[in-house]
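Numbers -26 to -1, 1 to 287, taken from mature numbering (1 follows the signal peptide of the UniProt record, and there is no 0), label the letters of the sequence shown in order. One structure is given below, encoded as structure tokens.
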Amino acid sequence: MNITQRVLLPLFFAGVTSLSATHVFAQGAVTVNGASATKAEDLRSIGGAVIPATNIRSQSATPPADSGNSAVDIAKKLANPIANMISVPFQYEFSRGIGRNQGGSEQTLLLQPVAPFDLGGGDSFIVRPIIAGVREVSIESRPGQSFSGYGIASVTLESFYAPNTRSSWIWGIGPYAVSPSGNSGKFGSQQTGAGVTAVVINRDGPWTYGLLGYQSWSVGGNPTFGTQNNLFGEPVVSYTNKDAWTFSANMQAQYNYDARRTSNPLYAGVSKVHIFDGVPISFGAGPIYYVSNTPGGPSGWGARATVTLVILK
């Protein structure tokens, strides 16, 4: 491990620990008709980091293209949710128009490390835990009653068995689990859920596109703050140019069987991979628009900022 890795890794993990405890902002949990309006447990990406200003050399794509470790190669792999690459994404997100009177706001800091395990023969097993710190401001759940505070949303675990293939199309499937955090239901459902998750992706030159989704069933817990009987689908598309810029769009559609309502936040973004003294880091940002949501959930426009640390093998 070089000196930059020894400096950056503690900063990243210390930063997310500090933010989760004191400055973490996030997604509200207004419950209407059995569905939690919180979004923190459905997010999927990245957030904030501090980089030392000394002894850092930035480069775009100095390794040869066939090494698989150029900035362009790394940018393409980051667009692929089942790429055989270790990454530590952070995501900060701001949303508004929340609560019965749509006067509340919420912020999220989400950590989603991606850890692939080699099964031999080119097959791999990818594990993606998702932990979100949340902060709510003036979320009205009943007339004249509002809540402000911060806590931890439901903790999610996605996993995929991804077989080796010579095709540009790749796929993965595996178990899915979600557990309440114990924050009294204000930051998500207090139910435990289990199910299956699947993904299919096509890598076509600079383009990466496909569909990620899961089916979750409630297996116990208090349904007062929403249930875990959900069907989730996320179509994704991205384009990466020769300078390691990636332009992407995706929609995270979730249908709750008990509320019979769907939330449809639409995301667009641009990101860039830089290599600092051999350590690749991706920076990105973009708008969010809530096409529809469960009653009391976010509405209108929001924003997202992302940072991803890549750990090369």
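Even glycine gets a Cβ: it sits at the ideal position worked out from N, Cα and C.
Rounded separation between residue i and residue j - CA only
i           : j      : result
ALA14       : ALA151 : Unreliable positioning characterises ALA14 in this predicted model, as indicated by a pLDDT of 47, which lies under 50. A coordinate reading is not provided.
PRO117      : PRO269 : 14 Å
PRO26       : GLY107 : Unreliable placement is indicated for PRO26, whose pLDDT of 33 sits below 50; the coordinate value is still reported in the next sentence. Each residue's alpha carbon lies about 25 Å from the other.
residue 297 : THR182 : The structure shown does not extend to residue 297, since the chain is modelled only from -26 through 287, so no value can be given for it.
SER237      : GLY271 : 8 Å
ASP232      : ILE72  : 20 Å
GLY125      : PHE161 : 7 Å
ALA127      : VAL265 : 23 Å
SER141      : ASN176 : 9 Å
ALA57       : ALA277 : 26 Å
SER98       : ASN204 : 27 Å
GLN119      : GLN76  : 13 Å
residue 288 : LEU85  : Residue coverage of the chain in this structure runs from -26 to 287, which leaves residue 288 outside it and unanswerable.
THR130      : SER122 : 24 Å
Limits of the beta strand (DSSP E) - the one that residue i falls within
i           : result
ALA57       : Premise fails: ALA57 is in no beta strand (DSSP E) and is neither H nor E.
LYS246      : 239 to 250
LEU52       : Per DSSP, LEU52 belongs to no beta strand (DSSP E); it is in the alpha helix (DSSP H), 45 to 52.
THR166      : 164 to 178
PRO261      : 253 to 264
PRO149      : 143 to 153
PRO209      : 204 to 214
VAL281      : 274 to 285
THR139      : Premise fails: THR139 is in no beta strand (DSSP E) and is neither H nor E.
TYR188      : 181 to 196
residue 289 : The chain is shown only over -26 to 287; residue 289 falls outside these bounds and no answer can be derived.
ALA89       : 89 to 94
GLY123      : 119 to 126
Whole-number beta carbon distance between residue j and residue i, since they are thought to touch under 8 Å
i      : j      : result
PHE206 : SER212 : At roughly 19 Å, the Cβ-Cβ gap does not stay under 8 Å, so PHE206 and SER212 are not in contact.
GLN165 : GLN226 : 20 Å between Cβ atoms; not a contact.
VAL284 : SER61  : 5 Å
CB of residue i within 8 Å of CB of residue j, strictly
i           : j      : result
residue 298 : VAL88  : Lying outside -26 to 287, the shown extent of the chain, residue 298 is not represented and no answer is given.
LEU186      : PRO55  : yes
ILE255      : VAL281 : yes
PHE134      : ILE105 : no
ALA259      : ALA242 : no
ILE249      : ALA53  : no
VAL247      : ALA223 : no
ASN43       : GLY96  : no
ASN215      : PRO180 : yes
SER155      : GLY200 : no
Within-8 Å CB hit, residue i to chain B
i      : result
SER266 : The chain labelled as chain B is not found in the depicted structure, where only one protein chain is given.
Check: Three or more beta-carbon pairs under 8 Å between the region 80 to 91 and the region 57 to 70, yes or no?
Finding: Here the region 80 to 91 lies against the region 57 to 70, with 3 or more beta-carbon pairs under 8 Å apart.
Check: Does the region 168 to 178 come within contact of the region 137 to 156, defined as at least 3 CB pairs closer than 8 Å?
Finding: Enough Cβ pairs lie closer than 8 Å, so yes.
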